[in-house]
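Chemist: Sharing a structure below in structure tokens format, with a few things to ask.
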Ligand SMILES: NC(=O)c1ccc[n+]([C@@H]2O[C@H](COP(=O)([O-])OP(=O)(O)OC[C@H]3O[C@@H](n4cnc5c(N)ncnc54)[C@H](OP(=O)(O)O)[C@@H]3O)[C@@H](O)[C@H]2O)c1
């Protein structure tokens with residue numbers, strides 16, 4: 015799908031991180047953006063800072079009503095939607111046996127059910143016009159899940175499998191879908207748990223979100239099935255698919271023993 019001035023994009027989780035960077039990159043291309051998240055002050059600031067006219071939409075992806083209203087409101091105000099980005103997400107990293115169940119359920123509710131709600135309420139607007147692109151922000155963790163991120167990986171894999179099938183289902187409708195598999199990106203995703211991150215995590219190497227945003231736009235315009243960024247994410251998937259044991263060995267070399275403690 016060509017992205018041009020006048021294109022209308024709805025983005026969940028636009029208040030910071032990848033969502034805010036994507037909003038900025040789209041606004042620079044003349045896109046009208048529906049900025050959806052809970053932190054409306056941050057969204058207002060972003061809308062003021064970006065070139066062009068944008069819409070601030072208070073939205074909690076844990077609620078059906080909230081997502082439905084935010085998308086409906088954007089559609090009414092902007093006059094349409096061509097790009098729908100399911101991006102909102104959170105993490106709680108830690109050993110599964112020690113994690114409160116509420117953390118696991120919150121991740122499922124936001125990362126996976128939030129994606130479902132966004133696509134459920136946004137897709138019909140694009141299908142009615144026979145034009146548009148859905149973007150699902152999954153994770154490299156959907157391709158090979160990591161210790162201490164078992165539930166996070168599960169939510170990201172759910173997004174991945176949903177998106178994989180839906181891209182095929184949309185064939186011939188004029189609407190398509192691109193899935194994004196980011197590795198470590200420099201955002202505030204782990205700010206609440208910096209002190210307790212697993213040893214395999216390497217926040218210092220994290221890639222700038224603006225680089226990922228540029229890749230997403232390129233992929234939407236080329237109707238790519240997926241984006242793997244940085245490219246090592248793709249290599250990890252290939253090796254893991256051929257031989258999980260070899261994938262584990264590769265991860266031990268790259269990230270140390272905590273990335274794959276078992277050798278059987
Ligand atoms: N950063 C990485 O290394 C990385 C790697 C792979 C995948 N990802 C994925 O990228 C996506 C964006 O994460 P990020 O790294 O940009 O993190 P971030 O900087 O923490 O941003 C997360 C965004 O999600 C929104 N959000 C959280 N809970 C929400 C809710 N209940 N309703 C609506 N919005 C909500 C936040 O807005 P409010 O708090 O204002 O609601 C915020 O705008 C996530 O799906 C994440 O899993 C990130």
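Residue numbers (this note's numbering): 15 to 278.
For glycine and all other residues, C-beta sits at the position ideal for the given N, C-alpha and C.
Closer than 7 angstroms to a non-hydrogen atom of ligand 1 - does that hold for the CB of residue 113?
Modeler: Not so, every heavy atom of ligand 1 lies at least 7 angstroms from the Cβ.
Chemist: In angstroms with no decimal places, state the Cα-to-Cα distance between residue 126 and residue 134.
Modeler: Spanning the two alpha carbons is a distance of roughly 12 angstroms.
Chemist: List the residues that DSSP assigns as beta-bridge partners of residue 104.
Modeler: Residue 104 is not bridged to any residue.
Chemist: Please state whether the Cβ-Cβ distance between residue 50 and residue 25 is less than 8 angstroms.
Modeler: Yes, the Cβ-Cβ distance between residue 50 and residue 25 is below 8 angstroms.
Chemist: If you drop the 5 nearest sequence neighbours on each side, which residues of the same chain put their C-beta closer than 6 angstroms to that of residue 172?
Modeler: Excluding sequence neighbours, residue 172 sits near 126.
Chemist: What is the residue span of the alpha helix (DSSP H) that residue 119 lies within?
Modeler: Run containing residue 119: 115–121, per the alpha helix (DSSP H) assignment.
Chemist: Under 7 angstroms Cβ to Cβ from residue 233, same chain only, skipping five residues before and after it: list those, please.
Modeler: If we look at residue 233 and ignore the five residues flanking it on each side, its Cβ neighbours are 192, 241.
Chemist: Excluding the 5 residues preceding and the 5 following residue 178 in the sequence, name in chain order all residues of the same chain whose CB lies nearer than 8 angstroms to its CB.
Modeler: Same-chain partners within the cutoff: 193.
Chemist: Taking the C-alpha atoms as reference points, what is the distance between residue 167 and residue 146?
Modeler: Roughly 28 angstroms between the two C-alpha positions.
Chemist: Pull up the distance between the alpha-carbon of residue 101 and that of residue 41, whole angstroms please.
Modeler: Each residue's alpha carbon lies about 17 angstroms from the other.
Chemist: Per DSSP, which residues does residue 149 bridge with? Please list them.
Modeler: According to DSSP, which records beta bridges pairwise, residue 149 is partnered with 99, 192.
Chemist: Determine the closest residue to residue 82 out of 104, 137, 58, with distance taken between C-alpha atoms.
Modeler: It is 137 whose Cα lies nearest to the Cα of residue 82.
Chemist: Can you tell me where the beta strand (DSSP E) with residue 199 in it begins and where it stops?
Modeler: Taken as a continuous stretch (DSSP letters only), residue 199 belongs to no beta strand (DSSP E), as it is neither H nor E.
Chemist: Could you name the residues of the same chain whose beta carbon sits closer than 7 angstroms to that of residue 248, not counting the 5 residues immediately before and after it, in chain order?
Modeler: Same-chain partners within the cutoff: 242.
Chemist: List the residues that DSSP assigns as beta-bridge partners of residue 82.
Modeler: In the DSSP output, where bridge partners are listed per residue, residue 82 has none listed.
Chemist: Which residues in the same chain have their Cβ closer than 8 angstroms to the Cβ of residue 270, if we skip the five residues on either side of it in sequence?
Modeler: Here the set comprises 213, 214.
Chemist: Alpha carbons only, please: which of 30, 44, 43 is nearest the one belonging to residue 53?
Modeler: Per the Cα distances, 30.
Chemist: So what does DSSP say about residue 93, is it helix, strand or coil?
Modeler: Note: residue 93 maps to coil in three-state DSSP.
Chemist: Identify which residue in 32, 108, 154 has its Cα closest to the Cα of residue 201.
Modeler: For the residues 32, 108, 154, the minimum Cα distance to residue 201 belongs to 32.
Chemist: How do the segment 244–258 and the segment 141–160 stand: do at least 3 beta-carbon pairs fall below 8 angstroms, yes or no?
Modeler: Taking 8 angstroms as the limit for Cβ pairs, the verdict is that the segment 141–160 does touch the segment 244–258.
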